[in-house]
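Structure record follows, encoded as structure tokens.
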Amino acid sequence: MNTGLFIFDTKARELKEVCAKNGFEVQIYCCGPTVYRDAHVGNLRTFLLSDLIKRTLTLSGFDSNLIQNITDVGHMAEDLAGAEIGEDKMLAQAKSEAIDPFEIARKYEANFHADLAKLNVIPASAYPKASETIDLMLELIERLIASDHAYVGSDGCVYFSATSFPSYGEISGNRLDSLKPGHRYEYVEDGAKKFHADWALWKAANNRTQMIWDSPWGPGFPGWHIECSAMSLHYLQGNVDLHIGGIDLRFPHHENERAQSNSGAGYEVVENWVHGEHLLFEGRKMSKSSGNVVLLNDVIAKGFDPLALRLSFMENRYRSQMDLTWETLKAADSTLDRWRKKFAQWQNDGDIDKQFVNEFCQGSLADIQHDLDTPRAIQQLRKLERDEYLSGATKASCFEIMDQIYALDISRAPKGKAEPTLEIVELLEKREIARASKDFGLSDQLRDQLTKLGISVKDSPTGQDWDWL
Ligand code: AMP
Ligand code: ZN
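As numbered in our numbering, residues 38 to 506 make up the sequence shown, in order.
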């Protein structure tokens, strides 16, 4: 089933039309957060990418089924070119906050959901947790061993045999022959691996006592990449129409996931690998060490509407690196407020030109269906805002329909009292004069006219006061 939505596939290196292979619903998998800390606005850019795609499909008339994993085990502090070394991110954070790692996971998982809600993200169909899907991973690992795609190393860990998957590297271009030994791979497992580019599917517990599970190979814990294979194969019935993640996950995470999934299933599991480019903040990579990690709560603490972040992202193409600044957010915040004020006025202004609304929305949808060209679509919205000939009601209708994708709550009440239109100002002035000259008939007539424009008028000894209805 074709959807009319074309998105760049990192593997094919070209635009590909999104199709629902099962004929009724587009199956989407989006790599979720590692819940050892709050998601920063960069992470949120990637999560909003999947929401944008989902909403675009909905407005295009197609259903979708989105699965997003919660990584709460097995993601090591340093993922160096395929070799995951260092401490488990969850355990390291548990130690630093002196609480149980599962408590850490549930705390940051709750914060993640709260952030998504503030950003108007439509919840996924399921958010499976790595720690609760160990069985799925064990089953897949056993299948990979049985089909000679994996083996138990001399250190008791289970490794994927990279050379058993000849098309390794097609997503990122990092083919096995270019991943030379002597690369950072080697020193990690002390020769337990048969080939330097093999990676761990299951890690032996050794001295680790927390977040470990029994397995046919002894107690241990899963590698990070295997969870996304196990979950996408299981929850999306072995067929992923769209796989979404940040560009950093292209290699090794997605390359390894593809090798595992395809080897387990016996066919190409993912149709389209979609990668969102990274977000910089004030010109720099967001990192804890450089102290410029910005969270959604920081944006809110500055007095900005969280949806200003959504608007800022949409004014940039998902495949371009973006530099977010406080200035950008401030500008987006005031744009939002202005749109909401205008929307409140427009609604009661004139008739809706249905043909125009239809053509405008079709045009905007076509822009977005073309590799998510939201900057162009938002530009059209700005042009529409400035149009001097269309009725307010027509503009309001366009904004309202397109807000099903933008999700900026355009119809929400603006921050302060919205500016009255010129027509309203003139009617209010006329009424003031009518009252002063005790022409109460005219004054009542003007009040009725104002009511129709959404204005309530109150009279007091000091004059008339007005408000939006
Ligand atoms: P993590 O919680 O680190 O596993 O990352 C969650 C998602 O955020 C992944 O899809 C990453 O690729 C993505 N991501 C990480 N940093 C950034 C960034 N600066 N800009 C956009 N996406 C990012
Ligand atoms: Zn993943």
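Virtual Cβ for every residue (Gly too), placed ideally from N, Cα, C. Remember, it's a predicted structure, so these values are computed and weren't measured experimentally.
- Burial state of Asp-214 is exposed, judged by a 10 Å Cβ sphere holding fewer than 16 other Cβ atoms.
- Counting only the Cα atoms, Ala-199 lies some 8 Å from Ala-296.
- Excluding sequence positions up to five before and after Ser-252, its CB lies within less than 7 Å of the CB of Leu-175, Trp-239, all in the same chain and listed in chain order.
- Taking C-beta separations shorter than 6 Å and ignoring five residues to either side along the sequence, the partners of Lys-126 in its chain run Thr-71, Tyr-73, His-112, Ala-114, following chain order.
- Taking all protein chains in view, the Cβ of Arg-82 is crowded by 16 or more other Cβ atoms within 10 Å, so the residue is classified as buried.
- In the three-state scheme derived from DSSP, where H, G and I count as helix and E and B as strand, Tyr-272 is classed as helix.
- For Asp-251, there is no enclosing beta strand (DSSP E), as DSSP marks it with neither H nor E.
- Excluding its 5 nearest sequence neighbours in each direction, Leu-366 has C-beta neighbours in its own chain below 8 Å: Val-336, Lys-339, Phe-341, Ala-345, Leu-346, Ser-349, listed in chain order.
- Under the three-state reduction of DSSP output, Ser-101 falls in the strand class.
- For ligand 1, the residues with a Cβ under 5 Å from any of its heavy atoms are, in chain order, Cys-68, Pro-70, Thr-71, Gly-79, Asn-80, Arg-82, Thr-83, Gly-282, Gly-283, Asp-285, Leu-286, His-315, Leu-316.
- No alpha helix (DSSP H) of 4 residues or more sits fully in the segment 129–154.
- Judged by the Cβ position, Glu-294 qualifies as a neighbour of ligand 2 at the 7 Å threshold, a heavy atom of the ligand being closer than this.
- Out of Arg-50, Val-78, Cys-56, Leu-52, the CA that lies nearest to the CA of Ser-324 is found in Val-78.
- Restricting attention to Val-110, Ala-76, Thr-40, the CA atom closest to the CA of Val-63 is found in Thr-40.
- The alpha-carbon of Leu-317 is positioned some 16 Å away from that of Leu-86.
- Rounded to the nearest angstrom, the gap between the Cα atoms of His-262 and Lys-53 is 25 Å.
- With fewer than 16 other Cβ atoms inside 10 Å of its own Cβ, Asp-424 counts as exposed.
- Taking C-beta atoms as the reference points, His-315 and Arg-287 fail to come closer than 8 Å.
- At a cut-off of 7 Å, the beta-carbon of His-290 counts as near ligand 2: some heavy atom of the ligand is closer than that.
- Counting of Cβ neighbours within 10 angstroms places Phe-477 among the exposed residues, the total staying below 16.
- In this structure, the beta-carbon distance from Tyr-66 to Leu-273 falls below 8 Å.
- 8 Å or more divides the Cβ of Lys-495 from the Cβ of Gln-486.
- Straight-line measurement puts the Cα of Ala-234 at about 15 Å from the Cα of Gly-210.
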